[in-house]
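Student:
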Amino acid sequence: GEHFSTSSTGADMTKSLPPRQPSPLCKLPAWCGVDMSELATADADGADSPFRDSPHGAKVDALRLLKSRGGNAFRMRLWNSPCAAGQCNASRFAHANLTNVLRMARRVAEANLSFILDLHYSDWWADPLHQAKPLAWQDLPLPVLKRTLRAYTRRTVAAFVAQGTPPAAVQVGNEITFGMLWERPGEACARGGRLACAGDLFGSKVDLAAWRRLGALVDAGMRGVREACPRCEIAIHTSLGNRIAEFSSVGIGDWYELLLNHTTSPSFDRIGLSLYPAYLAPHPSSRPASALENIDALASLARRFPGKRVYIAETAYPQRGTAPPPHRFAASPLGQYEYLRAVLSRLAQALPEAQRGGVLWWERNESCDDALFSPSGVASPALLHGFVHGRLPRRVALRKTLL
313 GEHFSTSSTG ADMTKSLPPR QPSPLCKLPA WCGVDMSELA TADADGADSP FRDSPHGAKV
373 DALRLLKSRG GNAFRMRLWN SPCAAGQCNA SRFAHANLTN VLRMARRVAE ANLSFILDLH
433 YSDWWADPLH QAKPLAWQDL PLPVLKRTLR AYTRRTVAAF VAQGTPPAAV QVGNEITFGM
493 LWERPGEACA RGGRLACAGD LFGSKVDLAA WRRLGALVDA GMRGVREACP RCEIAIHTSL
553 GNRIAEFSSV GIGDWYELLL NHTTSPSFDR IGLSLYPAYL APHPSSRPAS ALENIDALAS
613 LARRFPGKRV YIAETAYPQR GTAPPPHRFA ASPLGQYEYL RAVLSRLAQA LPEAQRGGVL
673 WWERNESCDD ALFSPSGVAS PALLHGFVHG RLPRRVALRK TLL
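The opening position of the sequence shown corresponds to residue 313 in my numbering, with each subsequent residue numbered one higher.
1) Spatial neighbours of R621 within its chain, please: C-beta separation below 6 Å, excluding the five flanking residues on both sides.
2) For E545 versus R466, is the C-beta distance shorter than 8 Å?
3) Entirely within the stretch 582-656 and at least 4 residues each: give me those alpha helix (DSSP H) ranges in chain order.
4) In the DSSP assignment, find the unbroken alpha helix (DSSP H) run with R332 in it and report its ends.
5) In chain order, which beta strand (DSSP E) runs of at least 3 residues are fully inside the stretch 415-483?
6) Roughly how many whole angstroms lie between the Cα atoms of A611 and G565?
7) Based on DSSP bridge pairs, tell me the residues matched to V700.
8) Determine the DSSP secondary structure at C743, reduced to helix, strand or coil.
9) Buried or exposed for T550, please, with buried defined as at least 16 other CB atoms from any protein chain shown within 10 angstroms of its CB.
10) Helix, strand or coil for L390, going by three-state DSSP, please let me know.
11) Count the other CB atoms within 10 Å of the CB of G536; is the residue buried (16 or more) or exposed (fewer)?
12) Counting beta carbon pairs with one atom in the stretch 386-399 and one in the stretch 418-435, are three or more of them shorter than 8 Å?
13) Nearest CA to the CA of A662: which residue from I607, V530, A421?
14) Just how far apart, CA to CA, sit P331 and S380?
15) Using DSSP with H/G/I as helix, E/B as strand and the rest coil, what is G533?
16) So what does G527 bridge to, in DSSP terms?
17) Kindly list the residues whose CB is nearer than 6 Å to the CB of M416, restricted to its own chain and excluding five residues on each side of it in sequence; keep chain order.
18) Return helix, strand or coil for H407, following the three-state DSSP convention.
19) What do you get for V733, buried or exposed, if any count of 16 or more other CB atoms within 10 angstroms of its CB means buried?
20) Tell me, to the nearest whole angstrom, how far the beta carbon of Q475 is from that of L414; I am working on the premise that it is less than 8 Å.
21) Confirm, please, whether the CB-CB distance from S335 to P700 is below 8 Å.
22) Measure the C-alpha to C-alpha separation of L454 and E487 and round it to an integer number of angstroms.
23) Output the residue ranges of the beta strand (DSSP E) runs that lie fully inside the stretch 338-378 and measure 3 residues or longer, sorted by chain position.
24) Quick check on DSSP: helix, strand or coil for I546?
25) Please classify E314: does DSSP put it in a helix, a strand, or coil?
26) Classify R599: buried if its beta carbon has 16 or more other beta carbons within 10 angstroms, exposed otherwise.
27) Using the C-alpha atoms, what's the distance from L507 back to D682?
28) Whole angstroms are fine: how far does the CA of S560 sit from the CA of A528?
29) Of the residues T477, P479, L552, which one's Cα is nearest the Cα of G491?
30) From the DSSP output, read off the bridge partner residues of R718.
31) Could you tell me the alpha carbon to alpha carbon distance between L572 and R632, rounded to whole angstroms?
32) Out of V484, R615, S579, state which residue places its alpha-carbon closest to the alpha-carbon of Y464.
33) Would you report the Cα separation of E605 and H595, rounded to the nearest angstrom?
34) May I ask which residues mark the beginning and end of the beta strand (DSSP E) holding V690?
35) Check F559 in the structure and name its three-state DSSP category.
36) Look up D512 in the DSSP assignment and say whether it is helix, strand or coil.
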């Protein structure tokens, strides 16, 4: 199998990877962490970890490894009733049910990491192209949907509080760029919270009726969080970090301004943005968009919302395969590390310290090119050294290929 080498000899590095001081950019309340939601079923109790910190090293608990190498945060997605309509394999996605997420929250607390709860409000993936209502909510008119959403959120967050693991923050929706809890095909727009249902997302032909519906739903979710956990932060997560070149930072600011104008409950605390080099919208000049240039544009977003922290809610970069344009970083373990460090550095340059919200890497599955582990479960330089203070050890920097 393929392995990451963290030494020139390939020797057992277990004892030579002691805890490291976090980077100054990875100090709470700025998050430096991962979304490894599938860990809930891949390593249910931490006793059968598939991960190692070196090719010949002993198996390690991923959460404790993250903490020992400068990380401080862990995000978990929660689906209402995974695959209830048969749209996916329920056992494959069991990690996203409440029982498993509650168990993972206990493990996160034991590892002394901040826990971020990501509420999808769906039985399957919620993202810019998919925001299906849970099966149990399909037939609810909007007024009942709002009440149901609020009660569900309150009950769910209360379950984490009751077991002594209150989330540090709750994401009310996942990548809700075009709304959430969409109406079914053929239904009237008024049945759900889809944006641009009868107009534009923002601009001169903005669909304000859709914004009112989404605002009411987000408002219900935020109220549910506050009722169960007054001290929990609330984050609003969109995919707009991928579209700064297309919409400009002004347009992205307009999105959050419109949401604020259509909610009445105590406001959210963090602005979360997905930023994937492989999925950046093209620049109007037709040149390749740059993830780092997109981060630079966040300075104006921070000025527009001075009371809110801005964080990268999801990002990733390949450690093998093909590098996305403009190919500044190689698709290699070293390139992946360099990308993560560059993101942290540019965030620090773009945002004042009081507004730095951090960065979260997505996702666990080691079969993916963007994973922080090799296919055989060996931790990458990005995970081992990306969040720590100091430079990359020379022995790691010299090893640019997978063994």
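Every residue gets a Cβ at the ideal spot worked out from N, C-alpha and C, and that includes glycine.
Tutor: Quick look at the numbers:
1) Within the sequence shown, numbered from 1, the residue matching residue 621 stands at position 309. The answer, listed in chain order, is R582, Q667, G669.
2) As a working note, residue 545 is residue 233 in the sequence shown. As a working note, residue 466 is residue 154 in the sequence shown. In this structure, R466 does not lie closer than 8 Å to E545 by Cβ.
3) 603-608, 610-616
4) As a position in the sequence shown, residue 332 is number 20, starting the count at 1. R332 -> no alpha helix (DSSP H), and no H or E assigned at all.
5) 426-431
6) Locating residue 611 in the sequence shown gives position 299, counting from the first residue. Locating residue 565 in the sequence shown gives position 253, counting from the first residue. Cα to Cα, A611 sits roughly 11 Å from G565.
7) Against the sequence shown, residue 700 aligns to sequence position 388. According to DSSP, V700 bridges with P334.
8) Missing from the structure shown is residue 743; the chain here goes from 313 to 715 and no further.
9) Position 238 of the sequence shown, counted from the first residue, corresponds to residue 550. Buried is the call here.
10) For the purposes of this step, residue 390 is taken as residue 78 along the sequence shown, with counting starting at 1. Three-state DSSP puts L390 in a strand.
11) Walking along the sequence shown from the start, residue 536 turns up at place 224. It is buried - the Cβ of G536 has at least 16 other Cβ atoms within 10 Å.
12) With a cut-off of 8 Å on Cβ pairs, the stretch 418-435 is in contact with the stretch 386-399, counting three or more such pairs.
13) Residue 662 sits at position 350 when you count from the first residue of the sequence shown. Of the candidates I607, V530, A421, the one whose C-alpha sits nearest the C-alpha of A662 is I607.
14) Along the sequence shown, read from residue 1 onward, the residue named residue 331 stands at position 19. Along the sequence shown, read from residue 1 onward, the residue named residue 380 stands at position 68. Going by the C-alpha atoms only, they are around 4 Å apart.
15) Start at 1 with the first residue of the sequence shown, and residue 533 comes out as number 221. It is helical.
16) For this step, residue 527 is matched to residue 215 along the sequence shown. None, per the DSSP bridge assignment.
17) Indexing the sequence shown from 1 puts residue 416 at position 104. Closer than 6 Å at Cβ, skipping near neighbours: A352, M388.
18) Position 95 of the sequence shown, counting from 1, holds the residue named residue 407. Of the three classes helix, strand and coil, the one that applies to H407 here is helix, per DSSP.
19) Residue 733 lies beyond the stretch modelled for the chain, which goes from 313 to 715, so this question has no answer here.
20) Residue 475 sits at position 163 when you count from the first residue of the sequence shown. Residue 414 sits at position 102 when you count from the first residue of the sequence shown. Indeed, because the Cβ distance is near 6 Å, the residues count as touching under 8 Å.
21) As a first step, residue 700 must be located in the sequence shown, where it is residue number 388. As a first step, residue 335 must be located in the sequence shown, where it is residue number 23. The sequence as given places Val at residue 700; Pro does not occur at that position. For V700 and S335, yes; Cβs fall inside 8 Å.
22) Reading the sequence shown from its first residue, position 142 is the one you call residue 454. Reading the sequence shown from its first residue, position 175 is the one you call residue 487. The straight-line gap from Cα to Cα measures roughly 21 Å.
23) 343-347
24) Translated into positions along the sequence shown, residue 546 becomes position 234. Secondary structure of I546 (DSSP, three-state): strand.
25) The residue you call residue 314 lines up with position 2 of the sequence shown. Residue placement at E314 is flagged as unreliable, the pLDDT there being 36, under the threshold of 50; a coordinate-derived value is accordingly withheld.
26) By one-based count along the sequence shown, residue 599 stands at place 287. R599 should be labelled exposed.
27) Locating residue 682 in the sequence shown gives position 370, where the first residue counts as 1. Locating residue 507 in the sequence shown gives position 195, where the first residue counts as 1. The alpha-carbon atoms of D682 and L507 are separated by roughly 30 Å.
28) Residue numbering aside, residue 528 sits at position 216 when the sequence shown is read from its first letter. Residue numbering aside, residue 560 sits at position 248 when the sequence shown is read from its first letter. Rounded to whole angstroms, A528 to S560 spans 26 Å at the Cα level.
29) Sequence index remark: in the sequence shown, residue 491 carries index 179 (1-based). Comparing Cα positions, the closest option is L552.
30) Residue numbering for the chain in the displayed model covers 313 to 715; residue 718 lies beyond these limits and cannot be assessed.
31) Locating residue 572 in the sequence shown gives position 260, counting from the first residue. Locating residue 632 in the sequence shown gives position 320, counting from the first residue. Whole-angstrom Cα-Cα distance: 41 Å.
32) Reading the sequence shown from its first residue, position 152 is the one you call residue 464. Selection V484, R615, S579 evaluated against Y464 yields V484 as nearest (Cα-Cα).
33) Taking the sequence shown and counting its residues from 1, the one referred to as residue 605 is at position 293. Taking the sequence shown and counting its residues from 1, the one referred to as residue 595 is at position 283. Approximately 11 Å between the Cα atoms of the pair.
34) Position 378 of the sequence shown, counting from 1, holds the residue named residue 690. From DSSP, V690 is part of no beta strand (DSSP E); its letter is neither H nor E.
35) Working through the sequence shown from its first residue, we reach residue 559 at position 247. Of the three classes helix, strand and coil, the one that applies to F559 here is helix, per DSSP.
36) Reading the sequence shown from its first residue, position 200 is the one you call residue 512. Looking at D512 - three-state DSSP - the assignment turns out to be strand.
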